[in-house]
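Residues 2 to 709, numbered by the working numbering, are exactly what the sequence shown covers, in order.
We treat Cβ as the ideally placed atom computed from N, Cα and C, and that holds for glycine.
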Amino acid sequence: MMSLAENTDGAVDFWKILWDSMPAVLADRKDGFLFKIWVINGLAQFYDIKVHQDAKTIPLVKLAPDHTIIDDFLKELVQADCREEHMRTCLILLKPIITGLWPMRYEPVVILWDFFAVRLNSSFRLKNETLSTMACISPSIAAFIEEANTLAAPDSTLDSLDYRTNSFRMFLIILASITRFFTKQANKRNVQIVCNRIFLKLGPKKYENMTEQGVYNHGLLLLTMLAATSFEEDYPRVSKQMQMVRLVDETSLLPTDAIVQRAATATQAHMAVLVLLVFNSMISNFLHCPTAHSDQVLHYLKEITKCPTIMVLLDEPTVIRQWLKMGLFYGREELLEFSRVVNGLREFKCLCEIPEYDLFENPNEVPVKLFFTYVGKRFREVDGAMQMEMKIKLHKIFQHFDKWIPEPSGIVRQRILSVLVLALKECSQALYIQSNSSCLYHLAFQHYFLPFSVLTDRNVTTEMIEDMAKVWHKVMEVLGSMEYSRNQITGDHVINMLTKWTPQFAKLPDETAALRPLLLFFCARNEELVLFAMPRCIATYVELKRCLPQPNARPVMQMLHRLLTALVQRADHGKTALFIRVAGLQIVTHAFMCNETFPTRALAMETVYAMLTSTDGPSNIVRQEMRTALGAFTRKNLGMAAEAYFTFLCRLVNRNPRFIHSLLDMIREELAIAERLRGQGVDKFLRNWMVRLERVIDATCNEHKTGS
């Protein structure tokens, strides 16, 4: 019937016809609302079923043209003054509709509140339930707050309603779901509308007549609202609402014991709101204070983790976050006591399972590194749904990682760099969220591996360069294991890591230390990464613009010359051939075309000589790569600048006449091609230069024979 109605293009409104037919079906039954919500729930479930149509995934059925059908049902439910068991059934069927299957709206919660606002003094208990199920005086303020946090938690076991939960608690769970949704959307207006509608129903008379149970329900309502939103603008208004509850009512005619119990409950409710509003923010402010000394924070953390009441206030991700932060300052021994607390947290066990010996006893292990190692292990073992849950939890912990330790230096910066490298190596997929600049992967590059100072080459200290030089090749190794050729962001990080840091390393006074990162990168096994990144670096610094070198060309070309020298000294013929393949043509072109007034020309010439010398070794691969580079150079320049080309080649003859002699056949072929392109038969000018080159080669070879 729904499908038939949809095919009429709006001529038939299925939902209107269904609703209009209900009175005849129900025949004035007082509990007819149960059948209505059961039918709506069943039909709404079809919206969660997806089908493929025209290469798109769409719901099996369309939504109702408007959602007043739910509002009309709730108004009828409120007016029906239904029993507790009926309300529980209705809310169990209602929740999936208004918090997931259909778009989230605040109107259903506001209408439902009309039912509960006049029943705050009720225990919402079934006849067969014992008095122990009545929610009244909690064992402690902490338990009161914990109960509200449980109702408001998105991953709470109470998030899926069951019949054992009383209807008021069900309402609070629905209220928290709606509030969380609008808070996540940063829709402050809708959150305030919900608060306003709830507060308007609580007039002075209602506060005067509140019993012990009413005070408890009222306090639980306010605490749940506070726990479900991060919009602090509404906190003072919540506090004022709590202050409307008087501890002792002089006009009360209740028995003395009832007055005492009501006062005790009111005191707990007042204190719970006060703790959430004031004390909790004070704790959080101190823990996140960037100027607080690490020794003070660690001592403070050790003290508050001993107090169960405070641990209830601090959500588990905050505790884990502080443990990880302290792990950047201290080792296993100093964190031992704190580590035992963290290891017992449910949130921590969801992310990793670290062997107790490694965490508590092994002196060679670092707690924060163990965390990332075993998070990565867990992430690789679980299914896709669990991986997504882990991603969300990790993002919540690390989304402000750059603010943990502003402007770190010395050993702390070295630890941060080392830990970040390990984190990305062990669990890069768990920490990377595409298009989310606050995930740890992006923060690691934006603030530590590729900070703004390095990208702009401003105020980069020698200490920072030295620290980065120790881990740079490891970062490149991590990037090399990712999809850098498909993912533009990762690909840009690869390019920037090479092009931005190479001139920085050249600033180091120790030439060996300066070359080490580039040498380790170039000699690593991932040749594909070198072939991906090096051409961009060569294009940035070696290639010319109108015969002029680019900024920072000199230090980078010095690094390239040292790299080639090191490869030749190592007799690493494979990497020498790779160097010539990725940089040979551009370096030869630089030496040939660069303006003579710039020192990079002489530097390029020395590198060309070094490449020629490398062909004297036993490797045919090196000679073949050099022939390929000079062949491309010949094809590009012989026909366009013959005189300059042959003059340049004559200079090369002086360094390695035998190798240039091996190129003569190739040069003759290119010369013949140039003649055909000119279309004038034999070109005497080109032929004369060819003869001159041959004579220079013969003369130089004879000199070398005589000298030897």
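Proximity to residue i [Cα-Cα], best of the options
i, options, result
"Phe523", "Glu544, Tyr208, Met477", "Met477"
"Val376", "Lys397, Ala603, Leu352, Gly204", "Leu352"
"Glu335", "Leu315, Thr319, Asn689, Phe361", "Phe361"
"Ser410", "His443, Ala431, Tyr449, His396", "Tyr449"
"Val472", "Pro510, Ser419, Val495, Ile490", "Ser419"
"Arg582", "Ala592, Pro552, Val623", "Val623"
"Thr759", "Gly220, Asp258, Leu227", "With the chain covering only 2 through 709, there is no way to say anything about residue 759."
"Arg120", "Asp82, Tyr107, Glu108, Pro109", "Asp82"
"Pro109", "Leu75, Lys128, Ser141", "Leu75"
"Thr577", "Glu671, Met627, Thr513", "Met627"
"Ile490", "Lys397, Leu78, Ser436", "Ser436"
"Phe116", "Leu92, Pro104, Gly101, Arg106", "Leu92"
"Leu223", "Pro205, Arg30, Cys196", "Cys196"
"Asp493", "Thr457, Thr513, Leu451", "Leu451"
"Glu464", "Ile412, Glu704, Ser482", "Ile412"
"Ile146", "Phe593, Thr462, Leu227, Phe183", "Leu227"
"Val609", "Thr598, Ala633, Ala584", "Ala584"
"Ser141", "Ala554, Ala270, Asn365, Arg517", "Ala270"
Backbone CA spacing between residue i and residue j [nearest angstrom]
i, j, result
"Leu425", "Gln415", "16 Å"
"Ala136", "Gln214", "Per-residue confidence for Ala136 stands at a pLDDT of 49, beneath the threshold of 50, marking its modelled position as unreliable; the derived number appears in the next sentence. Distance between the alpha carbons of Ala136 and Gln214: 7 Å."
"Gln244", "Phe232", "20 Å"
"Thr158", "Ala177", "Per-residue confidence for Thr158 stands at a pLDDT of 47, beneath the threshold of 50, marking its modelled position as unreliable; the derived number appears in the next sentence. Those two C-alpha atoms are separated by around 14 Å."
"Gly328", "Met560", "37 Å"
"Thr151", "Ile99", "20 Å"
"Glu382", "Lys475", "24 Å"
"Lys207", "Tyr217", "14 Å"
"Ser295", "Trp324", "11 Å"
"Gln681", "Ile588", "33 Å"
"Pro600", "Glu607", "11 Å"
"Met469", "Leu499", "12 Å"
"Ala525", "Ala645", "38 Å"
"Ile38", "Leu95", "7 Å"
"Arg347", "Phe169", "27 Å"
"Leu113", "Phe172", "8 Å"
"Trp20", "Ile41", "10 Å"
"Arg696", "Arg487", "52 Å"
"Arg106", "Asn191", "9 Å"
"Ile427", "Thr503", "In the sequence under discussion, the amino acid at residue 427 is Glu, which differs from the Ile named in the question. Roughly 26 Å between the two C-alpha positions."
"Pro619", "Asn657", "15 Å"
"Glu357", "Val276", "35 Å"
"Ala386", "Leu395", "14 Å"
"Trp690", "Arg669", "11 Å"
"Arg247", "Thr257", "16 Å"
"Met483", "Thr462", "30 Å"
"Thr629", "Leu586", "9 Å"
"Val367", "Leu432", "20 Å"
"Met558", "Val543", "7 Å"
"Met211", "Ala259", "12 Å"
Integer-rounded CB distance, given that residue j should sit under 8 Å from residue i
i, j, result
"Ala153", "Ala229", "4 Å"
"Gln400", "Ser429", "Wrong, their Cβ atoms sit about 17 Å apart, outside the cutoff."
"Thr701", "Phe660", "Actually they are not in contact, since the Cβ atoms of Thr701 and Phe660 sit about 11 Å apart, beyond 8 Å."
"Ile466", "Phe506", "6 Å"
"Leu480", "Val495", "5 Å"
"Asp684", "Glu671", "Between Glu671 and Asp684 the Cβ distance is about 12 Å, and since that is not below 8 Å, they are no contact."
"Ile398", "Ile406", "With 8 Å as the limit, Ile398 and Ile406 do not qualify as a contact, their Cβ atoms being about 15 Å apart."
"Leu302", "Phe339", "6 Å"
"Lys501", "Val455", "5 Å"
Identity of the residues DSSP links to residue i by a beta bridge
i, result
"Leu95", "Answer by DSSP bridge pairing: none, since Leu95 is not bridged."
"Leu549", "Lys546"
Proximity test, Cβ basis, 8 Å: residue i and chain B
i, result
"Ile98", "The structure shown contains no chain B; it holds only a single protein chain."
Fully enclosed by the segment 182-212, which beta strand (DSSP E) runs are 3 residues long or longer? none
Considering only residues of the segment 348-414, which uninterrupted alpha helix (DSSP H) runs meet the minimum length of 4 residues and lie entirely inside it, listed in chain order? 368-382, 385-399
Every unbroken alpha helix (DSSP H) within the segment 588-619, with a cutoff of 4 residues, ordered by chain: 600-615
Please specify which runs of the alpha helix (DSSP H), each continuous and at least 4 residues long, are wholly inside the segment 462-507, giving them in chain order. 463-481, 489-506
Can you give, in chain order, each stretch of the alpha helix (DSSP H) that sits fully within the segment 658-691 and has at least 4 residues? 658-662, 665-679
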